[in-house]
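A.B. asks:
Protein chains: 2
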Amino acid sequence: MKKFMNNVDDLLAESLDGFADAHSDIVTLGDDRKFVRRAALSPGKVALISGGGTGHEPLHAGLIGHGMLDAACPGQVFTSPTPDQMLAAAEAVDDGTGILFIVKNYEGDVMNFEMAAEMSDREIMTVITNDDVAVETSTFSTGRRGVAGTLVVEKIVGAAAEAGRSLADLKVLGDRVNAATRSMGVALTSCTVPAAGTPTFTLADDEMEMGVGIHGEPGRRRVPLEPVDAIAEEMVPAITAELPGVDVLLFVNGFGGTPLMELYLMYHAARASLEERGFRIHRSLVGNFVTSLEMAGCSITATSLDDEMTGLWDAPVHTPALRWGM
Amino acid sequence: MKKFMNNVDDLLAESLDGFADAHSDIVTLGDDRKFVRRAALSPGKVALISGGGTGHEPLHAGLIGHGMLDAACPGQVFTSPTPDQMLAAAEAVDDGTGILFIVKNYEGDVMNFEMAAEMSDREIMTVITNDDVAVETSTFSTGRRGVAGTLVVEKIVGAAAEAGRSLADLKVLGDRVNAATRSMGVALTSCTVPAAGTPTFTLADDEMEMGVGIHGEPGRRRVPLEPVDAIAEEMVPAITAELPGVDVLLFVNGFGGTPLMELYLMYHAARASLEERGFRIHRSLVGNFVTSLEMAGCSITATSLDDEMTGLWDAPVHTPALRWGM
Chain A
8 MKKFMNNVDD LLAESLDGFA DAHSDIVTLG DDRKFVRRAA LSPGKVALIS
58 GGGTGHEPLH AGLIGHGMLD AACPGQVFTS PTPDQMLAAA EAVDDGTGIL
108 FIVKNYEGDV MNFEMAAEMS DREIMTVITN DDVAVETSTF STGRRGVAGT
158 LVVEKIVGAA AEAGRSLADL KVLGDRVNAA TRSMGVALTS CTVPAAGTPT
208 FTLADDEMEM GVGIHGEPGR RRVPLEPVDA IAEEMVPAIT AELPGVDVLL
258 FVNGFGGTPL MELYLMYHAA RASLEERGFR IHRSLVGNFV TSLEMAGCSI
308 TATSLDDEMT GLWDAPVHTP ALRWGM
Chain B
8 MKKFMNNVDD LLAESLDGFA DAHSDIVTLG DDRKFVRRAA LSPGKVALIS
58 GGGTGHEPLH AGLIGHGMLD AACPGQVFTS PTPDQMLAAA EAVDDGTGIL
108 FIVKNYEGDV MNFEMAAEMS DREIMTVITN DDVAVETSTF STGRRGVAGT
158 LVVEKIVGAA AEAGRSLADL KVLGDRVNAA TRSMGVALTS CTVPAAGTPT
208 FTLADDEMEM GVGIHGEPGR RRVPLEPVDA IAEEMVPAIT AELPGVDVLL
258 FVNGFGGTPL MELYLMYHAA RASLEERGFR IHRSLVGNFV TSLEMAGCSI
308 TATSLDDEMT GLWDAPVHTP ALRWGM
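As you go down the protein sequences, you meet chains A and B in turn.
Here this note's numbering is used: the first residue of the first sequence is 8, the next is one more, and so on.
Here this note's numbering is used: the first residue of the second sequence is 8, the next is one more, and so on.
Next up, the structure:
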């Protein structure tokens, strides 16, 4: 295992300290590093809190800031945060207007966020994302997994929260965006969890894992590596099967180890495949946003946008990882 | 070799087409894909043109837009663009106000940009970046190599160009920023050039290449992998040896295959090392900006900022890869 670190036990703490120092204009660390939150809060606004295992950076802490999240709770690598983290974050960022949890559909995450909501006196609602159409149930999830589409939910709901919408409204909107969003991933290599020290899985030199999860969970099948056009041709029908509309946000997300050049190649192939099927590419996002440590591979996400969702996607955002309009 | 592509010959064209489609609000492709340029030009402004081999994305095309470059000329992977590309870009973006070439110090790049400047009737000046202190001469360069610090030059000079400064002023400023900037890199793995199909170099499981170049060129020495604090402790003295001031921009740049989590760890270590030496971290940037395909590793760049340079660094920028203030 070759990684930049001092030792496995200090990995998360030192990385969080670096993150908070590098972005001190936007974020600040909570006590005991239980959460990262906006340095400046907006009173009278519903607070958006997300979180999950570390290893998917910049998700979620890199999406804290104006127009997106108010706080994020980082667990150890690929491990759910604990309920006391969400409770501490809730105390820090909610002024009584209410809290929306945005949670990727993994059993540990769902259980711990749910426990925090039950333990808290505050008004809390939860949106669970499950955009990954690759498999129906998986290693860590009952039902579909929440993957890169979570960023789309956080962006659109974040803009609506900034505009002063009510907690109940945001819950409905978040569920609607999630329902309009589908993703699927493909891996060319495994990642290595630092505490494990060896690759999570192995692929032969000519194999890829079609439908891989963002923790290296198995996908649909292990198949020979194909040209990128053929890969896109397999993934696009899967993610568009039940999309509610033809104007889409196309989001090609790198898993961490794939060069940007190849992500734009995949974008090119996915776009062509979508357009052949009558979809119109209304908005685009390409980059490493929901990663699996250093895994080589990517996911394709499509969200059917209506006018309201497009306006909220375009709204100003100022986070470490996503910025526009301000 | 596992890469997302159709075939090696179409790699660059398809990736550029994807890039231009994904960012059509900011950039447009020139004829025959000779260059990428801003979709909307600013009349009366000196045009900034850069370029170089592909494989370092988002540098340079991802840094086109308000406040940075006007055009970039992409060569094949790790191969210089040809003079006709720079000539075509110059015709497309210069309205007669003048052109500044920003060129990383590699023999092919310097020669081809120089040839273009000689062949053109336009007023052209050139800033050559050579921020890499690892080695004095290298595989592709006479004198120090130009690496991640090139982004700092492009950002600061780009803001000054946007503010209407003259070509002669920008040339002086660019040379001054370059002289105030030092970088050094370290690799944990090699990259694989698609046309070669095999890794550029090999490192044992417990080795790193200290001082590696952004094409996988040899650095100072091959040494056993060390804790990140020890790596930072070796690199920071090298880059700060002759820095002109103690208020610095600290830029930790990923080479493509290293997770963001580890880059923030390196930032944390480098920051501590700089502060121990009396430097103050005035501004920060962390991410994959000047990459070497999928190489695992990173570079540390420090630029001594004065008030003028700080103001220009903070000025609004709107490119595919770097955005703030607008």
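From the three backbone atoms N, C-alpha and C, an ideal C-beta is built for every residue, glycine too.
Decide yes or no for the touch test of the region 141–150 of chain B against the region 167–185 of chain B: beta carbon pairs closer than 8 Å, at least 3 of them.
C.D. replies: Segments in contact, no.
A.B. asks: Determine, using beta carbons only, whether residue 25/B and residue 271/A come nearer to each other than 7 Å.
C.D. replies: For the purposes of this step, residue 25/B is taken as residue 18 along the second sequence, with counting starting at 1. For the purposes of this step, residue 271/A is taken as residue 264 along the first sequence, with counting starting at 1. Yes, the pair counts as a contact, with Cβ atoms nearer than the cut-off.
A.B. asks: Can you list, in chain order, the residues of its chain with a C-beta nearer than 7 Å to that of residue 158/B? Leave out the 5 residues immediately preceding and following it.
C.D. replies: Along the second sequence, read from residue 1 onward, the residue named residue 158/B stands at position 151. Excluding positions up to five away in sequence, the list reads 66, 70, 296, 297.
A.B. asks: Can you list the beta strand (DSSP E) stretches of 3 or more residues lying completely in the region 114–171 of chain A, in chain order?
C.D. replies: For the region 114–171 of chain A, whole beta strand (DSSP E) runs of length 3 or above, ordered along the chain, are 131–136.
A.B. asks: Contact check, residue 196/B vs residue 9/A under 8 Å by CB: the rounded distance?
C.D. replies: By one-based count along the second sequence, residue 196/B stands at place 189. By one-based count along the first sequence, residue 9/A stands at place 2. Rounded, the Cβ-Cβ distance is 7 Å, consistent with contact.
A.B. asks: Among the residues of its own chain, which have a CB less than 8 Å from the CB of residue 205/B, if the five just before and after it don't count?
C.D. replies: By 1-based counting over the second sequence, the position of residue 205/B is 198. Cβ within range, chain order: 8, 199.
A.B. asks: Quick one: which chain B residues come within Cβ less than 7 Å of residue 274/A?
C.D. replies: Within the first sequence, numbered from 1, the residue matching residue 274/A stands at position 267. Chain B residues near residue 274/A: 25, 29.
A.B. asks: Please name the residue in 90/B, 207/B, 305/B, 209/B whose C-alpha comes closest to that of residue 59/B.
C.D. replies: Taking the first residue of the second sequence as position 1, residue 59/B is located at position 52. Among 90/B, 207/B, 305/B, 209/B, the Cα nearest to that of residue 59/B belongs to 90/B.
A.B. asks: Need the endpoints of the alpha helix (DSSP H) that residue 24/A sits in, please.
C.D. replies: For the purposes of this step, residue 24/A is taken as the residue at position 17 of the first sequence. 18–29 is the span of the alpha helix (DSSP H), which, as asked, contains residue 24/A.
A.B. asks: Looking at residue 105/A: is its Cβ nearer than 7 Å to the Cβ of residue 121/A?
C.D. replies: The residue you call residue 105/A lines up with position 98 of the first sequence. The residue you call residue 121/A lines up with position 114 of the first sequence. Against a cut-off of 7 Å, the Cβ pair of residue 121/A and residue 105/A comes out as no contact.
A.B. asks: Please identify the residue among 249/A, 238/A, 145/A, 292/A whose C-alpha is closest to the C-alpha of residue 31/B.
C.D. replies: Position 24 of the second sequence, counted from the first residue, corresponds to residue 31/B. The shortest C-alpha separation from residue 31/B is found at 292/A.
A.B. asks: From the DSSP output, in three-state form, read off residue 264/B for me.
C.D. replies: In the second sequence, the residue the question calls residue 264/B occupies position 257. Here residue 264/B sits in coil by DSSP.
A.B. asks: So the alpha helix (DSSP H) residue 318/B belongs to, where does it begin and stop?
C.D. replies: The residue given as residue 318/B occupies position 311 in the second sequence. That run of the alpha helix (DSSP H) goes 314–321.
A.B. asks: Tell me, please, which residues DSSP counts as bridged to residue 311/A.
C.D. replies: As a working mapping, residue 311/A is identified with position 304 in the first sequence. According to DSSP, which records beta bridges pairwise, residue 311/A is partnered with 255/A.
A.B. asks: Starting from residue 99/B, follow the alpha helix (DSSP H) in both directions and report where the run begins and ends.
C.D. replies: Along the second sequence, one-based indexing puts residue 99/B at 92. Unbroken alpha helix (DSSP H) run through residue 99/B: 90–100.
A.B. asks: So which residues on chain A does residue 13/B lean against when the C-beta distance must stay under 7 Å?
C.D. replies: Within the second sequence, residue 13/B is the residue found at index 6, counting from 1. Under the 7 Å cutoff, chain A gives 234, 235, 236.
A.B. asks: Pull up the DSSP beta-bridge partners for residue 34/B, would you.
C.D. replies: One-based indexing of the second sequence puts residue 34/B at position 27. Bridge partners of residue 34/B: 45/B.
A.B. asks: Residues of chain B with CB under 9 Å from residue 315/A, in chain order?
C.D. replies: Here the question's residue 315/A lines up with position 308 in the first sequence. Result: empty, since nearest Cβ-Cβ is about 20 Å, beyond 9 Å.
A.B. asks: Would you say residue 191/B lies against chain A (beta-carbon separation less than 7 Å)?
C.D. replies: Translated into the one-based positions of the second sequence, residue 191/B becomes position 184. Chain A, which has no Cβ nearer than 7 Å to the Cβ of residue 191/B, makes this no.
A.B. asks: Would you say residue 300/A reaches chain B, if we count a Cβ-Cβ gap shorter than 7 Å as a contact?
C.D. replies: The sequence position of residue 300/A within the first sequence is 293, counting from 1. At least one chain B Cβ lies under 7 Å of residue 300/A.
A.B. asks: Within the same chain, show all residues whose beta-carbon is closer than 8 Å to that of residue 84/B, passing over the 5 residues directly before and after it, in chain order.
C.D. replies: If you number the second sequence from 1, residue 84/B lands on position 77. Excluding positions up to five away in sequence, the list reads 18, 19, 60, 61, 62, 200, 201, 202, 300.
A.B. asks: So residue 280/A and residue 239/A are in contact, right, with Cβ under 8 Å, and what is the actual spacing, rounded?
C.D. replies: Taking the first sequence and counting its residues from 1, the one referred to as residue 280/A is at position 273. Taking the first sequence and counting its residues from 1, the one referred to as residue 239/A is at position 232. About 5 Å; that satisfies the 8 Å criterion.
A.B. asks: Quick one: using the 10 Å Cβ neighbour count with 16 as the cut-off for buried, is residue 21/B buried or exposed?
C.D. replies: The sequence position of residue 21/B within the second sequence is 14, counting from 1. Its Cβ being crowded by 16 or more others within 10 Å, residue 21/B is buried.
A.B. asks: Measuring CB atoms only, is the region 240–255 of chain B touching the region 302–309 of chain B, in the sense that at least three cross pairs come out at less than 8 Å?
C.D. replies: Yes, the region 240–255 of chain B is in contact with the region 302–309 of chain B.
A.B. asks: Tell me, please, whether the CB atom of residue 206/B is closer than 7 Å to any CB atom in chain A?
C.D. replies: Numbered from its first residue, the second sequence carries residue 206/B at position 199. So, not an interface residue.
A.B. asks: How long is the line joining the alpha carbons of residue 268/A and residue 102/A, rounded to whole angstroms?
C.D. replies: For the purposes of this step, residue 268/A is identified with residue 261 of the first sequence, where counting begins at 1. For the purposes of this step, residue 102/A is identified with residue 95 of the first sequence, where counting begins at 1. Taking the straight line from one Cα to the other gives about 44 Å.
A.B. asks: Hey, out of 148/B, 263/B, 41/B, 212/B, whose CA is closest to residue 1/B's CA?
C.D. replies: Past the boundaries of the shown model lies residue 1/B; chain B is included only from 8 to 333, so the question cannot be answered.
A.B. asks: Take residue 127/B as the anchor and find which of 97/B, 148/B, 137/B has the nearest alpha-carbon.
C.D. replies: The residue you call residue 127/B lines up with position 120 of the second sequence. The residue with the shortest Cα to Cα distance from residue 127/B is 97/B.
A.B. asks: Just checking: is the beta-carbon of residue 267/B within a distance shorter than 7 Å of some beta-carbon in chain A?
C.D. replies: Along the second sequence, read from residue 1 onward, the residue named residue 267/B stands at position 260. Output row for residue 267/B: interface = yes.
A.B. asks: From residue 266/B to residue 273/B, what does the alpha carbon distance come to, in whole angstroms?
C.D. replies: Along the second sequence, one-based indexing puts residue 266/B at 259. Along the second sequence, one-based indexing puts residue 273/B at 266. Each residue's alpha carbon lies about 11 Å from the other.
A.B. asks: Assuming contact is defined by CB atoms lying nearer than 7 Å, are residue 123/B and residue 37/B in contact in what I supplied?
C.D. replies: For the purposes of this step, residue 123/B is taken as the residue at position 116 of the second sequence. For the purposes of this step, residue 37/B is taken as the residue at position 30 of the second sequence. For residue 123/B and residue 37/B, no; Cβs fall outside 7 Å.
A.B. asks: Let me check understanding here. Comparing Cα to Cα, which of 317/A, 325/A, 316/A, 214/A lies closest to residue 234/A?
C.D. replies: Taking the first sequence and counting its residues from 1, one reaches residue 234/A at position 227. The shortest C-alpha separation from residue 234/A is found at 214/A.
A.B. asks: Using the rule of at least 16 other Cβ atoms within 10 Å of the residue's Cβ for burial, across every protein chain shown, is residue 315/A buried or exposed?
C.D. replies: Translated into the one-based positions of the first sequence, residue 315/A becomes position 308. Exposed: under 16 other Cβ atoms inside 10 Å.
A.B. asks: Between the region 73–104 of chain A and chain B, which residues of the former have a C-beta closer than 7 Å to a C-beta of the latter?
C.D. replies: The region 73–104 of chain A vs chain B, Cβ under 7 Å: nothing.
A.B. asks: Under 7 Å between the Cβ atoms of residue 261/B and residue 302/B?
C.D. replies: As a position in the second sequence, residue 261/B is number 254, starting the count at 1. As a position in the second sequence, residue 302/B is number 295, starting the count at 1. Contact: no.
A.B. asks: Here's the rule I'm using: 16 or more other beta-carbon atoms within 10 Å means buried, otherwise exposed. How should residue 116/B be labelled?
C.D. replies: On the second sequence, residue 116/B is found 109 positions in, with the first residue counted as 1. Per the 10 Å Cβ criterion, buried.
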